[in-house]
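What follows is one structure encoded as structure tokens, with my remarks underneath.
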Amino acid sequence: MLFESATYGRVLTLDGAIQHTENGGFPYTEMIVHLPLGSIPNPKKVLIIGGGIGFTLMEVSRYPTIEKIDIVEIDKMVVDVSRQFFPYLAAGFEDPRVTLHIGDGAAFVKAAQKGYYDAIVVDSSDPIGPSKDLFERPFFEAVAKALRPGGVVCTQAESIWLHMHLIKQIMANCRQVFKGSVSYAWTTVPTYPSGVIGYMLCSTQGPDVDFKNPVNPIDKLTNHVKSKGFGQLKFYNSEIHKAAFILPSFAIKLLE
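Position 5, counted from 1, in the sequence shown is what our numbering calls 27; the numbers after and before it change by one each time, with no gaps.
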């Protein structure tokens with residue numbers, strides 16, 4: 023469903039859940055991209071699972087080192103709706119570095135070449151229905167296989183106020199699979215249930231990845247942003263990157 027909100031502009035929902043708003047969706051998208059990509063030097067090959075509206079793709083495209091972006095969206099209608107109603111976001115599909123695949127993200131990852139990607143961004147909906155597989159251990163094992171040593175993945179990981187049982191399960195799966203580092207971050211999104219959303223960030227064994235201290239902060243690449251015509255970041259900066267990993271005491275205890 024697509025409708026107009028006096029406060030948030032155009033709003034896209036899928037299965038009754040808000041997926042994107044013109045005036046309120048940028049914190050979620052900027053963080054799900056720049057938390058992982060800001061944590062590794064010189065990312066070149068990136069896979070996006072979901073994100074057919076194009077916002078995640080636009081943020082990934084900011085990095086001048088990136089040579090190849092694969093995006094896998096299961097529902098072509100999402101891409102078509104974006105092209106019609108959010109053309110400023112869908113413009114990213116025309117980037118020559120981008121290949122759009124319509125299909126199942128889990129199957130795509132399973133078939134991916136071993137060690138091919140520097141980073142994978144899983145921009146999924148909640149772990150119900152078709153998205154459920156994207157939160158299970160077999161999927162994370164396929165992701166780890168598709169990443170290079172020291173490669174990173176960031177996946178949507180629910181709200182600490184509503185879904186701690188799910189977050190604990192996701193973290194347990196990730197700790198069993200990823201032999202580099204595993205961290206949970208969160209941010210505020212006004213249109214999401216409880217007003218917050220979380221991210222699970224993991225790295226494969228190899229060069230150390232310290233998610234809490236960005237080594238490749240996009241907010242410092244101002245000349246590239248201006249030259250490519252990107253708008254200024256509205257939410258992400260290096261300080262909020264670091265702050266995203268500071269959790270309330272109850273969450274720290276439950277995720278130990």
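All C-beta atoms in this analysis are idealised placements derived from N, C-alpha and C, irrespective of residue type, glycine included.
Listed in chain order, the alpha helix (DSSP H) runs fully inside the region 184-227 are 186-199, counting runs of at least 4 residues. Residue pairing by DSSP leaves Ala129 without any beta bridge partner. Closest option to Ile274, judged by alpha-carbon separation, among Val103, Pro215, Lys132, Tyr206: Tyr206. For Arg159, the secondary structure class from DSSP, reduced to helix, strand or coil, is helix. Within the region 55-134, the runs of alpha helix (DSSP H) at least 4 residues long that lie entirely inside it are, in chain order, 77-82, 98-107, 109-112, 127-133. Note that the C-beta distance between Val165 and Val174 is not below 8 Å. Secondary structure at Ser271: helix, using DSSP grouped into helix, strand and coil.
The beta carbon of Arg105 sits closer than 6 Å to the beta carbons of Ala112 from its chain, once the five residues preceding and following it are set aside; these are given in chain order.
According to the DSSP secondary-structure assignment, Leu277 is paired through a beta bridge with no residue.
With a threshold of 16 other beta carbon atoms within 10 Å, Gly73 meets it and is buried.
Taking the Cα of Cys224 as reference, the smallest distance to any Cα among Pro49, Thr35, Ile54, Val120 is reached at Ile54. Taking C-beta atoms under 8 Å as the contact rule, Ile142 and Leu169 qualify, at a distance of about 6 Å. Looking at the DSSP output, His42 sits in a beta bridge with Leu34. At a Cβ-Cβ threshold of 8 Å, Val218 and Ile182 count as neighbours. CA-to-CA, the gap between Arg84 and Ile240 works out to about 8 Å.
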